[in-house]
Amino acid sequence: MRKVLKILFSRLMVMSVLMIFQIALLIILTVQLSTSFFYLYFVFSLLSLTVVCFIASQRSSPAHKLAWVIPILIFPVFGGVLYILIMSNRNNKKFRDKLNTSHKESISYLTQQPYVMNELYRQDRNAANQSGYILRTSGFPVYNNSHSIYFSSGEEFFVTFVDELKKAEKYIFIETFLIREGLMWNTVLSILEDKAAKGVDVRVMYDDAGCMTTLPHKYYKRLRAKGIKCYAFNPFTPLPEVRLNNRDHRKIIVIDGYTAFTGGINFADEYINVFERCGHWKDSAIMVKGEAAWNMNVMFLQLWSSMSNEPVDYDLIKTCTIFDDSYEPDGYIQPFGDSPFYKEAVGENTYINMISRARDYVYIFTPYLVLDHQLITALRLAANSGVDVRIVTPHIPDKWYVFLVTQSYYEDLIEAGIKIFEYSPGFLHSKTFVCDDVFGIVGSINLDYRSLYFHFECGVWLYKTKSVKAIKNDFIETFKKCKEITLEECLKVKLLKRIARGFLRLFAPLM
């Protein structure tokens, strides 16, 4: 009985009931207006049509447009009015202004050394063009004096991460989408408490929506009581505010400014397989040591400043950085961030750049395959040009509806010569690219609309590093554990399942 009451009065349940109530109210009012106030119904519907035309004329991405057009067409009476109210909401503008201000304050602390880019141009114009795009659109420079280590599983990552965490002397910054109490998080929290007690500047930021079902409400107060500075990013409410769509999906850990981690790994026991969820949970991460870690420092502080409403003393943070020359510089490393408020979809375009410039092969790990026209075109063009394109997705999904949409793309991609594999042991959560033995990307960016257009994301672009070889080896070993999907299997899918996939795919821009 206690468990039932806990579920009924949980934050998720309360939020869900309030949102369902709002939708039900819209439906009831729509029916009432259409039957009793026809002229008013007509005027509001005309307003919605005008709003749809306005959205279509904007310079934003087709995905962003569809994310608005679909709800407006579902609720034609109030869709247009809601759009106007939401877009004029002061909280939305305030949220965006804070982020823009934080971004501008950090720009002067991200400086590209000309000799690094010049040397990259001399070595490989293709690589320099890819790196240059990231620099010009996101502001994050590339480095040739840093080192990286790739982790092919959450277990590998966790061992090294805990060791590095224990070495912290000045500061620890952690940014994550999800935290679930258990062995993994409790181990980390114990170290963070100890470090905070010793005077280390410990900061944690988690996404409020991502942790809605995994942490108690206002969990940040518990961490603050332990001496840990903490914020829940973009607190979730059931009110219709566009900012609530912009979640912090990044995974960033910075230790003393010279060691940083990112990848797909959140702080929950399934990520290190001490708790089984969806079979074996495969993920990946990367550790960066050296000056390149500064990019991730700035990424964290940009969002931290927007939540804390406190200016960041970047000079002070930089003077606290502990330099470590025990590693060997290796290749070119460029950590970068992506924001829904950038003028371009940096994450998606970085992926497309790598796919389009591939000569021999491009291998991709992704938990979700919800593609827009640009990505489909790039993948098909590469495969039809003779590039070996392989995509690995999960065999056991964590979200059945997204998995149905993922599978809806198989037939079209396989017909173009792309090889699709499903990870037989369970769920694959890694977001990793490797290309032509020289390029790689490891980060938090899924191949779905939400990651590519609506979330705050991050990744690490790699060129001629030892970690690129490790990434390729991970793919080779993973292929052995996968089942390749054939065109014959796609053609044998039952009609009802095809209909379900097609219906759900209509809502792909919302996934």
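Mind the numbering: the sequence shown is residues 21 to 531 in my numbering, read in order. The beta carbon of each residue, even a glycine, is placed where N, CA and C say it ideally should be. These numbers come from a predicted model, not from an experiment.
Legend entry - Neighbour-count burial assignment, Y251, 16 or more Cβ in a 10 Å radius: One-based indexing of the sequence shown puts residue 251 at position 231. The residue is buried, with at least 16 neighbouring Cβ atoms inside 10 Å.
Inset, instruction - Mind reading off the beta-carbon distance from R200 to T234? Whole number of angstroms is fine, and I expect it under 8 Å. - result: The residue labelled residue 200 in the question sits at position 180 within the sequence shown. The residue labelled residue 234 in the question sits at position 214 within the sequence shown. Their Cβ separation, rounded to whole angstroms, is 4 Å, which keeps R200 and T234 in contact under 8 Å.
Legend entry - C-beta atoms of V480 and T282 nearer than 8 Å: Position 460 of the sequence shown holds residue 480. Position 262 of the sequence shown holds residue 282. Yes.
Inset, instruction - Taking 8 Å as the cut-off, decide whether the C-beta atoms of V412 and F441 are in contact. - result: Looking up residue 412 in the sequence shown gives position 392. Looking up residue 441 in the sequence shown gives position 421. Note that the C-beta distance between V412 and F441 is below 8 Å.
Inset, instruction - Could you check what DSSP says for T544 in three-state terms: helix, strand or coil? - result: Because the chain in this structure spans residues 21 to 531, residue 544 falls outside the shown range and cannot be described.
Inset, instruction - Jot down the residue ranges of each uninterrupted alpha helix (DSSP H) in the region 331–387, minimum 4 residues, whole runs only, in chain order. - result: Listed in chain order, the complete alpha helix (DSSP H) runs (minimum 4 residues) inside the region 331–387 are 334–339, 366–377.
Inset, instruction - Count the CB pairs spanning the region 216–232 and the region 181–201 that are closer than 8 Å, and state whether there are at least three. - result: Counting Cβ pairs under 8 Å, three or more are found: they touch.
Inset, instruction - Just the C-alpha distance for Y383 and K238, rounded to the nearest angstrom, thanks. - result: Start at 1 with the first residue of the sequence shown, and residue 383 comes out as number 363. Start at 1 with the first residue of the sequence shown, and residue 238 comes out as number 218. Note on geometry: alpha-carbon atoms of Y383 and K238 lie some 41 Å from one another.
Legend entry - Euclidean distance between Cα positions of K26 and I496: The residue you call residue 26 lines up with position 6 of the sequence shown. The residue you call residue 496 lines up with position 476 of the sequence shown. Residue placement at K26 cannot be trusted, given a pLDDT of 49 that sits under 50; what the coordinates show is reported in the next sentence. Whole-angstrom Cα-Cα distance: 45 Å.
Legend entry - Nearest-angstrom beta carbon gap, M319 and I272 [assumed within contact, 8 Å]: Walking along the sequence shown from the start, residue 272 turns up at place 252. Walking along the sequence shown from the start, residue 319 turns up at place 299. In this structure I272 touches M319 by the C-beta definition: roughly 6 Å separates them, less than 8 Å.
Legend entry - Nearest-angstrom Cα separation, counted from Y473 out to A216: On the sequence shown, position 196 is the one that residue 216 refers to. On the sequence shown, position 453 is the one that residue 473 refers to. Cα-Cα distance, rounded: 36 Å.
Inset, instruction - Please determine, among Y421, V409, K486, W420, the residue with the shortest C-alpha to C-alpha distance to F499. - result: Residue 499 sits at position 479 when you count from the first residue of the sequence shown. With distances taken between Cα atoms, F499 lies closest to V409.
Legend entry - Cross-strand partners of C502 (DSSP beta bridge): To locate residue 502, count along the sequence shown from 1; it is residue 482. In the DSSP secondary-structure assignment, C502 is bridged to Y443.
Inset, instruction - Tell me the start and end of each unbroken beta strand (DSSP E) in the region 166–254 that is at least 3 residues and wholly inside, in chain order. - result: Unbroken beta strand (DSSP E) runs of no fewer than 3 residues, entirely contained in the region 166–254, are found at 167–171, 191–196, 221–227, 249–253, following chain order.
Legend entry - Enclosing alpha helix (DSSP H) for L482 [first to last residue]: Locating residue 482 in the sequence shown gives position 462, where the first residue counts as 1. Where L482 is concerned, there is no enclosing alpha helix (DSSP H), although the beta strand (DSSP E) it sits in stretches over 477–483.
Legend entry - Sequence-distant residues of the same chain with beta carbon closer than 8 Å to C478, five excluded per side: For the purposes of this step, residue 478 is taken as the residue at position 458 of the sequence shown. If we look at C478 and ignore the five residues flanking it on each side, its Cβ neighbours are R270, K271, I272, T282, M316, M319, P355, F356, G357, D358, G463, S464, I465.
Legend entry - Beta-carbon contacts of C298 that lie in its chain and below 8 Å, excluding the five residues immediately before and after: Taking the sequence shown and counting its residues from 1, the one referred to as residue 298 is at position 278. Cβ neighbours of C298 beyond the five flanking positions: E290, P414, I416, P417, D418, G446, F447.
Inset, instruction - Would you mind stating whether Y352 and Y153 have Cβ atoms separated by less than 8 Å? - result: The residue given as residue 352 occupies position 332 in the sequence shown. The residue given as residue 153 occupies position 133 in the sequence shown. Going by C-beta atoms, Y352 is not nearer than 8 Å to Y153.
Legend entry - In DSSP terms, what G463 is bridged to: Mapped onto the sequence shown, residue 463 falls at position 443. Bridge pairing for G463: G479 [DSSP].
Inset, instruction - Please confirm if the region 299–312 is in contact with the region 324–337, defined as three or more CB-CB distances below 8 Å between the two stretches. - result: In short, these stretches do not touch, since the Cβ pair count stays below three.
Inset, instruction - Pick helix, strand or coil for F527, following the three-state DSSP scheme. - result: By 1-based counting over the sequence shown, the position of residue 527 is 507. In the three-state reduction of the DSSP assignment, F527 falls in the coil class.
Inset, instruction - Going by DSSP, name the residue or residues bridged to M307. - result: If you number the sequence shown from 1, residue 307 lands on position 287. Note: M307 sits in a beta bridge opposite I169, F281.
Inset, instruction - Put D468 into one of helix, strand or coil per three-state DSSP. - result: Counting from 1 along the sequence shown, the entry for residue 468 is found at position 448. D468 falls in the coil class under three-state DSSP.
Legend entry - The alpha helix (DSSP H) enclosing F453, as first and last residue numbers: Counted from its first residue, the sequence shown places residue 453 at position 433. Under the DSSP assignment, F453 falls outside any alpha helix (DSSP H), being part of the beta strand (DSSP E) whose first and last residues are 452–455.
Inset, instruction - Drop a sphere of 10 angstroms on the beta-carbon of K309, count the other beta-carbons inside from all chains shown, and report buried for 16 or more, exposed for fewer. - result: Translated into positions along the sequence shown, residue 309 becomes position 289. Residue burial is scored here from C-beta neighbours: K309 has at least 16 other C-beta atoms within 10 angstroms and is therefore classed as buried.
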